[in-house]
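Peer 1: Residue numbers (our numbering): 22 to 890. All C-beta atoms, glycine included, are put in the ideal place defined by N, C-alpha and C.
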Ligand code: BES
Ligand code: ZN
C-alpha cells in the first residue's frame with residue numbers, strides 16, 4: 022500500500038496539548054532493525070518485542086512508508102486487520118505480549134527534508150529527533166518508550182563504513198558486492214536517539230579512560246581531506262568527558278563514542294546515543310579554514326552533545342513539551358564548560374548577547390511561548406531561543422541561588438532518582454530541591470509562563486543615616502493566552518561602589534542585610550520588595566544584575582555618569598560590558614550625547630587591551646541594527662537606525678583614531694601562545710581596521726590587503742576581506758576572487774565568502790541575485806542557504822526592502838522541500854508588525870498571501886502565529 026507524501030494539513034485540528042498526555046499502551050522491550058540500502062530504495066525490516074502497559078489500541082507511528090508486510094506473532098495481517106492512514110498504523114486486540122514484525126520501503130535518496138534516513142552526497146545518515154524515526158519504520162515514536170536496539174545495516178561495498186549505536190557485534194559479506202554490520206546498543210533509549218551511518222569516510226581515532234577506568238574508543242568520521250580539521254573537536258571531546266566527571270560526577274557509559282560529520286544537516290548537531298551526527302560547521306575546526314568564533318562554537322557544540330549523554334539520553338524527556346528539560350539544562354552545562362575555555366566574562370557576554378538579541382524579541386512578539394509550552398502543532402517549531410536560552414537561564418538562576426555545593430547535591434539527586442527514565446520538568450525541580458534542601462518549586466513558574474519580566478528598581482540614599490534603599494518591583498506584560506501570570510523568583514546579584522574611591526562597599530555588614538543578601542545575591546520573591554543597606558558612608562553607585570543573574574529587562578534610572586563610572590570601575594566584566602551597551606542604547610535610541618561613553622572607553626581600554634584583549638574587543642561592541650530594532654515596538658524605520666548608528670561609528674572612529682591605529686600596529690597575535698589571547702588580539706585588530714577604514718584613509722586599504730595576503734589565519738583573512746569589500750576598496754574584487762580560488766573546494770570557507778558579500782551594507786537585489794544564482798549556491802544545503810540569508814539579514818534596511826521577497830520565496834520553496842528550515846528562515850520576518858507604515862501593511866499582505874500557498878505544518882503554524890498580532 023502506498024501512502025501519499027505530505028498531505029495538505031489543516032493546522033487547527035493538529036494541535037497537541039500537554040494536558041492530554043497519556044502513557045503509552047505498549048512498551049517495547051527490544052527492537053531488531055535490518056536496514057538494507059540500495060541505490061533507489063531502502064528496505065527496513067523491524068521486529069518489536071512489545072508488552073502491554075495500559076488498556077487500548079497499539080498505535081505505531083509512520084510517515085511516507087510503503088508497508089510491504091505486517092505480522093503479529095508470526096501471523097501475517099490482511100489490510101482489514103489494521104487501520105492505516107498517513108500518520109499511523111493502529112492495531113486493535115494485540116495480545117499483552119507480542120512480536121510485531123514489519124517490512125517497509127523508504128527512499129533516502131529522495132529525502133530533501135533531511136529528517137529520518139537521508140542521502141547527503143555519498144553518505145546516508147539519520148536525523149530522528151524529534152519525530153524522524155517514524156519515517157524509517159512503524160514505531161511508537163515517542164520519547165517515553167525506551168528500548169534496547171539491535172541494528173543490522175547492509176549496503177554496497179562502495180560504502181565501507183556501516184555504523185549504528187552501541188557495540189559492533191559482527192561484520193560480514195552478503196555477496197561479492199554487498200556487506201553488513203550488526204550493532205547492539207545495551208542502553209535503553211527512545212527512538213529519537215537511534216542513528217545509523219552508511220558511507221565512505223575516513224576516521225580520526227583516540228582513546229579516553231574514564232574516572233571508573235573504562236577505556237573508551239573515540240572516533241570522528243569525516244571525508245579524508247577533513248580529518249586534520251577534526252583534531253580540535255577531538256581535544257574538546259576529551260576535555261568535555263573530564264569536565265562532566267569533575268563538575269557533575271558523570272562518567273561515560275559505553276566502550277565507544279563516535280561522531281560523524283555531514284555537510285547537509287538542518288541543525289548544528291545531534292546527540293544520538295554513542296553516535297553523534299554533526300553538521301560539518303560544528304565539528305571541523307582549523308585556524309586556516311575556520312574563524313575563531315567557529316572554533317569556539319565547535320568546542321561548545323561538542324561539549325553540548327556529549328553532555329546530553331546524561332542530560333537527555335540516560336535521563337530523557339517524558340514528552341516533547343519537556344524539551345527544555347534536556348536542552349535548557351544542557352545549554353547551561355555547555356555554557357559553564359565554555360566559561361572555563363576562555364575569559365568567563367566574555368563567554369557570559371556572548372551568551373547574554375544571544376539571549377537579548379534573539380530570545381527577548383521572540384518573547385516580546387507573536388511567537389512568544391513559555392520555555393515549556395502547553396500546546397503545539399509542529400514540535401520542530403519549538404526548538405527556539407526560548408526553550409534553549411531562556412531554559413538555560415532558569416537553570417543558571419537556580420544554580421546561582423544554591424551555590425556550587427548545594428547545586429551539586431541537587432543534580433546528584435536528580436541522577437540518582439531518574440537514571441534510565443523519561444521525566445518531566447517537575448521531576449527535575451523536585452530532585453534539585455530535595456538534594457539541595459532548598460525549595461525551588463517557585464521556579465516552575467519560569468517554565469510555565471511566557472514573557473520577559475520587567476524589573477523596575479528605584480533607589481534612595483539617606484546621608485543622615487548613611488543608608489541606601491533599593492525598591493524592586495516586577496511586572497509581566499499582559500498576555501491573553503496566559504491570563505494568570507504570577508510573580509517570579511528573581512535573583513539579583515548586586516554590588517555597591519564608593520564613587521570616590523572606586524572600591525566596593527561590604528554588603529553583609531548589617532543583620533538585616535545578611536538575611537536578605539547572600540554572597541551579593543538578593544532573591545526577589547514577591548511582586549515588590551525593599552532592601553536597605555546600612556553603613557554606606559557616601560552615596561554609592563549600584564551595579565545591578567551582575568553577570569546577568571536573571572533574564573529580565575532592567576529598568577533603572579542610571580545617570581550617564583554612573584554608567585561611565587561602571588565602565589571604568591566595575592570588576593565584573595559582564596556588567597562592565599552591560600554598562601557600555603546601556604549607554605550606547607541611550608545614545609542611539611534616546612539621543613543622549615556620546616561624549617561620556619567615548620571618555621570612559623578612552624580611560625578604560627588602554628589598560629585592558631594587553632591584559633584581556635578579548636574583553637577589550639567586546640567593550641567596543643556597538644549594538645547591531647537588528648538588536649536596536651528589537652528594542653523598538655512600533656513605527657520602526659530601519660534607515661533611521663542605520664543612519665544614527667553609522668554617525669556614531671564615524672564619530673567614534675574619529676575620536677579614537679590614533680588609539681585605533683597604534684593598537685592595530687602594536688598587536689601581534691602570532692606572539693601569543695594562548696589561543697584565547699591570540700583570538701582577542703585578532704578580534705581587536707579587525708575592529709581597529711574597520712574603524713580606521715571609516716576614516717576613508719586609502720592607506721588603510723593597503724594595510725588590509727597586506728593582512729589579507731600574508732596571513733594563514735581565517736579570522737585575519739576574513740576581517741581584512743570584509744574591510745575591503747564592505748568599503749568598496751579598489752582591491753576588493755581581486756581579493757574576493759583570490760579567496761574564491763583558494764577555497765572553492767572548502768564548503769565552510771565558501772559559506773563565509775557568500776555571507777560576507779550578502780552582508781555588504783550596500784548589497785543590492787542584484788548582489789543577492791548574483792549569489793543565489795552562483796553555481797556554488799545550493800538549495801539542498803542548509804548551510805549555504807543560511808550563509809546568504811543570514812548575511813542579508815545582517816542588514817535590516819536591505820532585509821526589509823528586497824529581502825522580504827527573498828525570504829517569502831525561500832519559505833515557499835522550502836515549504837515543500839525542507840519545511841523545518843523554511844519555517845525557521847521565515848521567522849526572520851516575525852517583527853513585521855513593528856515597521857512604520859506603509860511597509861507594515863505591505864509585509865503583512867505578503868505574509869497573508871504566502872499563507873494561502875503553503876502546506877507544511879511547520880510553515881503554516883509559524884505563519885499563523887506571526888500573523889496573530
Ligand atoms: N538535540 C539537538 C539537535 C536537534 C534539535 C535535532 C532539533 C533535531 C531537531 C542538539 O542537542 C542541539 O541542541 N543542537 C544545537 C546546538 C547546541 C550547541 C545548542 C543545534 O543543533 O543548533
Ligand atoms: Zn541539545
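For residue 219 and residue 42, I'd like the C-alpha separation in whole angstroms.
Peer 2: Answer to the nearest angstrom: the Cα atoms are 36 Å apart.
Peer 1: Taking 8 Å as the cut-off, is the CB of residue 347 close to at least one heavy atom of ligand 2?
Peer 2: Checking the Cβ of residue 347 against ligand 2 gives yes.
Peer 1: In angstroms with no decimal places, state the Cα-to-Cα distance between residue 245 and residue 267.
Peer 2: One C-alpha to the other measures close to 34 Å.
Peer 1: Within a Cβ cutoff of 6 Å, which residues of the same chain sit near residue 600, ignoring the five residues on either side of it in sequence?
Peer 2: Same-chain partners within the cutoff: 584, 587, 588.
Peer 1: How is residue 34 classed by DSSP in three states: helix, strand or coil?
Peer 2: Residue 34 falls in the helix class under three-state DSSP.
Peer 1: In the DSSP assignment, what residue or residues form a beta bridge with residue 220?
Peer 2: Beta-bridge pairing links residue 220 to 182.
Peer 1: Between which residues of its own chain and residue 770 is the CB-CB distance below 6 Å, once the five residues before and five after are set aside?
Peer 2: Hits under 6 Å: 310, 764.
Peer 1: In terms of alpha-carbon separation, which member of 638, 716, 717 lies closest to residue 688?
Peer 2: Here the closest residue by C-alpha is 638.
Peer 1: Let me check understanding here. Comparing Cα to Cα, which of 607, 56, 135 lies closest to residue 666?
Peer 2: Taking only the C-alpha atoms, the option nearest residue 666 is 607.
Peer 1: Once DSSP output is grouped into helix, strand and coil, what is the label at residue 119?
Peer 2: The answer is strand: DSSP assigns residue 119 an E or B state.
Peer 1: Pull up the DSSP beta-bridge partners for residue 338, would you.
Peer 2: Answer is 444, bridged to residue 338.
Peer 1: Looking at the secondary structure, which residues open and close the beta strand (DSSP E) in which residue 300 lies?
Peer 2: Taken as a continuous stretch (DSSP letters only), the beta strand (DSSP E) holding residue 300 covers 296-300.
Peer 1: What's the C-alpha gap between residue 222 and residue 822?
Peer 2: Those two C-alpha atoms are separated by around 44 Å.
Peer 1: Quick one: what's residue 72 bridged to in DSSP?
Peer 2: For residue 72, which the question treats as bridged, DSSP gives the partners 48, 118.
Peer 1: Tell me the rounded alpha-carbon separation between residue 182 and residue 883.
Peer 2: Computed Cα separation, rounded: 39 Å.
Peer 1: Tell me which same chain residues have a C-beta within less than 7 Å of the C-beta of residue 621, skipping the five on either side of it?
Peer 2: If we look at residue 621 and ignore the five residues flanking it on each side, its Cβ neighbours are 585, 588, 589.
Peer 1: As a quick exercise: from 558, 258, 495, 469, pick the residue whose alpha carbon is nearest that of residue 362.
Peer 2: Nearest option by C-alpha distance: 258.
Peer 1: Assign residue 629 to one of three DSSP states: helix, strand, or coil.
Peer 2: Correct three-state label for residue 629: helix.
Peer 1: Do residue 325 and residue 355 have their beta-carbon atoms positioned less than 9 Å apart in this structure?
Peer 2: Contact: yes.
Peer 1: May I ask which residues mark the beginning and end of the alpha helix (DSSP H) holding residue 741?
Peer 2: 735-747 is the extent of the alpha helix (DSSP H) around residue 741.
Peer 1: Please give me, in chain order, every unbroken run of the beta strand (DSSP E) with length at least 3 that falls completely inside the region 561-643.
Peer 2: Segments of the beta strand (DSSP E) lying fully in the region 561-643: 561-565, 574-577.
Peer 1: Please say whether residue 615 and residue 673 have beta carbons closer to each other than 9 Å?
Peer 2: Going by C-beta atoms, residue 673 is nearer than 9 Å to residue 615.
Peer 1: Which whole-angstrom value describes the C-beta separation of residue 90 and residue 97, a residue pair presumed to lie in contact below a C-beta threshold of 8 Å?
Peer 2: Between residue 97 and residue 90 the Cβ distance is about 6 Å, and since that is below 8 Å, they are a contact.
Peer 1: May I ask you to check if the CB of residue 325 is nearer than 8 Å to at least one heavy atom of ligand 1?
Peer 2: It does: the Cβ of residue 325 is within 8 Å (strictly closer) of some heavy atom of ligand 1.
Peer 1: Are the beta-carbon atoms of residue 824 and residue 814 separated by less than 9 Å?
Peer 2: Yes, Cβ-Cβ distance for residue 824 and residue 814 is below 9 Å.
Peer 1: Among 779, 783, 704, which has the Cα closest to the Cα of residue 806?
Peer 2: Closest by alpha carbon: 779.
Peer 1: Going by DSSP, name the residue or residues bridged to residue 137.
Peer 2: Residue 137 pairs with 148.
Peer 1: Who are the Cβ neighbours of residue 33 in its own chain at under 6 Å, not counting the five residues just before and after it?
Peer 2: Its pLDDT being 47, under 50, residue 33 is placed unreliably in this model, and the value from its coordinates should be taken loosely. Excluding positions up to five away in sequence, the list is empty.
Peer 1: Compute the minimum distance between the beta carbon of residue 418 and the heavy atoms of ligand 1, and state whether it is under 8 Å.
Peer 2: No, ligand 1 has no heavy atom inside 8 Å of this Cβ.
Peer 1: For residue 464, which residues does DSSP report across the bridge?
Peer 2: Answer is none; residue 464 lacks a bridge partner.
Peer 1: Under three-state DSSP, which class holds residue 521?
Peer 2: Here residue 521 sits in coil by DSSP.
Peer 1: Residue 351: beta carbon under 8 Å from a heavy atom of ligand 2?
Peer 2: Within the cutoff, so yes.
Peer 1: Given a cut-off of 9 Å, decide if residue 494 and residue 478 are closer than it, judged by their beta-carbon atoms.
Peer 2: Yes, they are a contact pair.
Peer 1: Closer than 9 Å, CB to CB, is residue 692 near chain C or not?
Peer 2: Protein chain content of the structure displayed is limited to a single chain, and chain C is not contained in it.
Peer 1: Have a look at residue 421 and residue 82 and give me their C-alpha separation to the nearest angstrom.
Peer 2: Distance between the alpha carbons of residue 421 and residue 82 is about 42 Å.
Peer 1: For ligand 2, is there any heavy atom lying closer than 8 Å to the beta carbon of residue 175?
Peer 2: Residue 175 Cβ: outside cutoff for every heavy atom of ligand 2.
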